[in-house]
Amino acid sequence: MLQPYLHYFLHFIAIGAIAWLYDKKNWKRNWVILLATMLVDLDHLFANPIFDPKRCGIGYHPLHSELAIITYFLGVIFTKNRLLRLIFIGLIFHMFTDFIDCLWTFSKCRECYFSSEVFEWAQQLSF
Ligand SMILES: [Zn+2]
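The sequence shown begins at 1 in the UniProt record's numbering and counts up one residue at a time.
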């Protein structure tokens, strides 16, 4: 019951705090920019089915892939442009939010974990 509330709280409300911390003078504009990073979920349209409550999107969708996440991190570290950096921060926070959702799903559904990319990554990391 609580899971979708936390998920949407992080996706819509918590980013308001990030917007404020990033630049208190322009927090409203920043909040809108962070809300726009939600467009990264358009990659779900390539999935079949588009929505599957048992699927962990991290590692599955192209803009939620390992390579995409590494790119977002490198963007935050190396981008000097403040607007672009905010977008990369928004994308990383989006991945964090989706990952929390995956962990919550895994806690209720073991086969969801074993069929996820996150499980594959954990296997690779532990050799
Ligand atoms: Zn997402």
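C-beta atoms are modelled at their ideal positions from N, C-alpha and C, and glycine is treated no differently.
- The three-state secondary structure of Gly16, taken from DSSP, is helix.
- Contact annotation: Gly57 and Cys109 have beta-carbon atoms that are not nearer than 9 Å.
- For a cut-off of 8 Å, the C-beta gap from Ile13 to Leu34 is around 11 Å, too long to register as a contact.
- When rounded, the separation of the alpha-carbon atoms in Leu21 and Gly59 is 29 Å.
- If you draw a straight line from the Cα of Leu125 to the Cα of Phe119, it comes to about 10 Å.
- Between His7 and Ile89, the gap from beta carbon to beta carbon reaches 9 Å or more.
- Taking 4 residues as the minimum length, the alpha helix (DSSP H) runs contained wholly in the stretch 56 to 81 are 66 to 78, in order along the chain.
- Just measuring C-alpha positions, the residue of His64, Val76 and Leu74 sitting nearest Ser116 is His64.
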